[in-house]
Amino acid sequence: MEKKVNSIKDIAKISGFSISTVSKVINNKGRVSEQNRKKILQIVEKYHYERNSFARALRLQQSNTIGIITPNLNNSFFSNLVENIEKILFSNGFITVICDTSIDSKREGQYLKKLKSQQVDGLIVISGSQTFEDNQISNFKHVVCIDREPEDIQKYCYVGSNHYSGARIATQELIKKGTVPSLFMYESDSSPIKERIKGFRDTLKENSLIEDNLSLISLEQTLDVDKTRFKIRKYLRSLLNKRQGPLGIFATSDTLAVDILLAAKSINLNVPNDVRIVGFDDAPIARYCSPELTTIRQNIQSISEEAVEILISSLQGKQLKNRYKKIEVELIDRGTL
C-alpha cells in the first residue's frame, strides 16, 4: 500500500502539476483537460488522499455540524424523531452532536455552552419543560425549535404537531363511545402538554361535561414502573366508583397509555369494554400491546423534513416564508377504543 498523502501540495509535487491545477480537479472547479484530470485523480486514488474538511471548514467558518437537544432518548417518540433528523442531515452533508438533557434544565444549559464552544452551524431543539428564554439561544444564529416555542417567534423558527387538535379528536372520540373522559398525564409544563390539556378541556366544555377532581389526573414521572401502575390502579378504582358506564381515558403519551392498559388488566378490567383508552404519539409500543393501542399519530417524517429544510434554508441565507409550522395529526383506531 502506498503511503497516504495529506495535502494538495503533496499531490502537486508527485504529479508534477501546479497546486492550482490539482485544487481545481479535487474541488471540481475550473477548467482542466480530461487527460490531466485523469492523471491527477489516479494519483489521488493511489495515495489515498482525502480532503481535509476540517481545515476547509475553518476557512469558510463552517463546521457542517448541527447540535440536537432532546429531553429524553428513552422516550421512543423522541428517539425516533432524532433518528429521522440525523439521517436527513447526514444525507445533506451534516454530522450531528446529539445531547440528551434528561429533562434537566441545568444540564441543558451546559450542553448549549458546549455546542457554542464547538461552533456548530445550527441547532435543533426538541421539546423540553419550559419556554426558551432568548438569552439561552441568542448565541446561535440558526435555530429550529420542535414542540418548544421560543419567546421571540419572529427571531427563531418553530415546527410542531397540532397538539390541541389531537387532544380534541381523542376526547371527542371517547365521548362518542359513551364515556365521560379523564385525562392522564405526567407532570409537565411543556407547551405540547399545555395544548393537549386545553384541547381536552375545551372539548369537555363544548359537550356540556363538567370537570371534577378526576377529570385531570397528574402523575409524577418516575423510572419506577411499579409505583406508577400502583397509582394508576388507585385512580382507576376511584373512577369506577364515580363514573357510570365504561371509563374513558385520554393519555398524553403512548407510554403512559400502555401503563394504564396493563394496570387495568391487573385489576381484571376489560379493555375496551370496561376501560376505553386513547394515547398520543403512535410510538412502536402502541402496536406491541394487546389489544393494540388506539392513539393520535404524530407525523415524525414530516416534522423531521420540515425542521431540516427550514434549518438548511436558514444556513443558506434564504428568505424564510414560514417560520412557524404546525403539522397535523390523525387518529389511529386500533383495539382500545
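Letter 271 of the sequence shown, counting from 1, is numbered 271 in the UniProt record's numbering, and no numbers are missing.
Cβ coordinates follow ideal geometry from the N, Cα and C atoms, glycine included.
Please read all numbers here as calculations on a predicted model, not as lab measurements.
Is the number of C-beta pairs between the stretch 153-172 and the stretch 322-332 that are closer than 8 Å three or more?
Per the Cβ contact rule, the stretch 153-172 is in contact with the stretch 322-332 (3 or more Cβ pairs under 8 Å).
So, is Leu58 buried or exposed, given that buried needs 16 or more other C-beta atoms within 10 angstroms?
Residue placement at Leu58 is flagged as unreliable, the pLDDT there being 48, under the threshold of 50; the coordinate-derived value follows with that caveat. Exposure of Leu58 is indicated by the presence of fewer than 16 other C-beta atoms within 10 angstroms of its C-beta.
Within the continuous alpha helix (DSSP H) that includes Ser105, where are the two ends?
Annotation for Ser105: the continuous alpha helix (DSSP H) segment containing it runs Ser105 to Ser117.
Taking one C-beta from the stretch 274-293 and one from the stretch 241-258 each time, how about it: are there three or more such pairs within less than 8 Å?
Yes: the two stretches touch, three or more of their Cβ pairs being nearer than 8 Å.
Please report how far the alpha carbon of Leu41 lies from the alpha carbon of Val25, in whole angstroms.
About 8 Å.
Leu81: which of Asp202, Ala307 and Lys198 sits nearest, CA to CA?
Out of Asp202, Ala307 and Lys198, Ala307 has the C-alpha closest to the C-alpha of Leu81.
Taking the alpha-carbon positions, what's the Cys289 to Val329 distance?
Between the alpha carbons of Cys289 and Val329 lies a gap of roughly 22 Å.
Assess, as a yes-or-no matter, whether the stretch 163-175 is touched by the stretch 194-201 under the definition of 3 or more beta carbon pairs within less than 8 Å.
By the Cβ criterion, the stretch 194-201 is in contact with the stretch 163-175, since at least three pairs of Cβ atoms, one from each stretch, lie closer than 8 Å.
Burial state of Val32, where buried means 16 or more other Cβ atoms lie within 10 Å:
Around the beta carbon of Val32, 16 or more other beta carbons lie within 10 angstroms, which makes this residue buried.
From which residue to which residue does the beta strand (DSSP E) around Glu330 run?
Taken as a continuous stretch (DSSP letters only), the beta strand (DSSP E) holding Glu330 covers Glu330 to Ile332.
Minimum C-alpha distance to Ser79 - residue among Lys318, Ile285 and Ile327:
For the set Lys318, Ile285 and Ile327, the Cα lying nearest the Cα of Ser79 is the one of Ile285.
Residue burial classification, Asp281 (beta-carbon count within 10 angstroms, cutoff 16):
Residue environment for Asp281: buried (at least 16 other C-beta atoms within 10 angstroms of its C-beta).
What are the boundary residues of the alpha helix (DSSP H) that Asp226 is part of?
From DSSP, the alpha helix (DSSP H) with Asp226 extends over Val225 to Lys242.
Would you call Glu34 buried or exposed, if buried means 16 or more other Cβ atoms sit within 10 Å of its Cβ?
Its Cβ having fewer than 16 others within 10 Å, Glu34 is exposed.
Assign Phe90 to one of two classes, buried (16 or more other C-beta atoms within 10 Å of its C-beta) or exposed (fewer than that).
With fewer than 16 Cβ atoms within 10 Å of its Cβ, Phe90 is classed as exposed.
Whether or not the stretch 98-110 and the stretch 291-309 are in contact is what I'm after, with contact meaning three or more pairs of Cβ atoms, one per stretch, closer than 8 Å; do they touch?
With the cut-off at 8 Å, the stretch 291-309 and the stretch 98-110 do not touch.
One question on the structure: do Phe250 and Ser182 come within less than 9 Å of each other, judged by their Cβ atoms?
Phe250 is a Cβ neighbour of Ser182, given a cutoff of 9 Å.
Nearest to Val120 by alpha carbon, out of Ile95, Ser76, Tyr164 and Leu331?
Among Ile95, Ser76, Tyr164 and Leu331, the Cα nearest to that of Val120 is on Ile95.
Quick one: what's got a C-beta closer than 6 Å to Asn162's C-beta in the same chain, skipping five residues either side?
Annotation for Asn162: Lys326, Glu328 and Val329 place their beta carbon closer than 6 Å to its own, counting only its chain and skipping 5 residues before and after.
Taking only beta-carbon positions, decide if Pro192 is within less than 9 Å of chain B.
Checking the listed chains, one finds no chain B in this structure; it contains a single protein chain.
Quick one: using the 10 Å Cβ neighbour count with 16 as the cut-off for buried, is Val22 buried or exposed?
Buried is the call here.
For Lys194 and Asp254, what's the separation of their Cα atoms in angstroms?
Going from the Cα of Lys194 to the Cα of Asp254 covers about 17 Å.
Output the residue ranges of the alpha helix (DSSP H) runs that lie fully inside the stretch 6-47 and measure 4 residues or longer, sorted by chain position.
If we require 4 residues or more, the alpha helix (DSSP H) runs fully inside the stretch 6-47 come out as 8-15, 19-26 and 34-46.
C-alpha gap between Ala264 and Thr336, whole angstroms:
A direct Cα-to-Cα measurement between Ala264 and Thr336 gives close to 12 Å.
From this set, Ser266, Gly16 and Asn36, which residue's C-alpha is nearest Lys234's C-alpha?
Of Ser266, Gly16 and Asn36, the residue nearest in Cα terms is Ser266.
Measuring straight from C-alpha to C-alpha, what distance separates Leu112 and Ile43?
Distance between the alpha carbons of Leu112 and Ile43 is about 43 Å.
Who does Asp281 pair with in a DSSP beta bridge?
The bridge partners DSSP lists for Asp281 are Arg297.
Sheet register partners of Thr96 (DSSP bridge):
In DSSP, Thr96 forms a bridge with Ile66.
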